[in-house]
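Structure record follows, encoded as structure tokens.
In full-length UniProt numbering, the protein residues as written are 1 to 157.
This is the structure we're talking about:
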């Protein structure tokens, strides 16, 4: 059976995962550079002290940078796992649709539960479970044997 819809949904979700990985990498790089610039560090410390009245030190700012970096790497690793599982599901799609559906559900879970790629993976999984293979066509209603052509002249009249 042709599983084009499932394959297209999984490909779109995988492409969105790649964009998520790239976007998270760019965000991490930007935040890391932001927190390493001394003039910006001083500006952030002064802004936080003026707006909240709390004292923020340079070590607090560096700790915050490390937290953003850790969260960013976690998101990148989880999205890469989702990408690998989704690709495995696309490979298994034609040979074992139930396994492909399970892999798509796993990829959806790793793609952060309620994101667009995860929803696309869930839809592909549902289609894997619900669409049935095409059944071979049977002969017309009530006939078990194929129709035979008769050469009997009386039967033709």
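Backbone N, C-alpha and C define an ideal beta-carbon position, used for all residues, glycine too.
- By the Cβ rule, the region 62-69 counts as touching the region 20-37, because three or more pairs are nearer than 8 Å.
- In this structure the region 7-22 lies against the region 122-133, because at least three pairs of beta carbons, one per stretch, are closer than 8 Å.
- Judged by pairs of C-beta atoms under 8 Å, the region 102-116 touches the region 76-94, as three or more such pairs exist.
- Considered as a whole, the region 16-59 harbours 38-52 as its complete alpha helix (DSSP H) runs of no fewer than 4 residues, in chain order.
- In this structure, DSSP gives residue 14 a helical state, which the three-state scheme calls helix.
- Rounded to whole angstroms, residue 3 and residue 113 show a C-alpha spacing of 24 Å.
- A direct Cα-Cα distance of roughly 10 Å separates residue 60 from residue 45.
- Sorting 69, 13, 128 and 24 by C-alpha distance to the C-alpha of residue 95 places 128 at the top.
- Scanning 41, 30 and 132 for the CA closest to the CA of residue 97 turns up 132.
- Apart from the 5 residues on each side of it in sequence, residue 116 sits with its Cβ closer than 7 Å to the Cβ of 16 in its chain, given in chain order.
- Relative to residue 74, the option among 13, 25, 12 and 19 whose CA is nearest is 25.
- Going by DSSP, residue 112 is part of no alpha helix (DSSP H) at all; its letter is neither H nor E.
- Judged by their CB atoms, residue 28 and residue 89 are not nearer to each other than the 9 Å cut-off.
- For residue 118, the closest C-alpha among the options 23, 100, 86 and 51 is that of 86.
- When secondary structure is reduced to three states using DSSP, residue 92 falls in the helix class.
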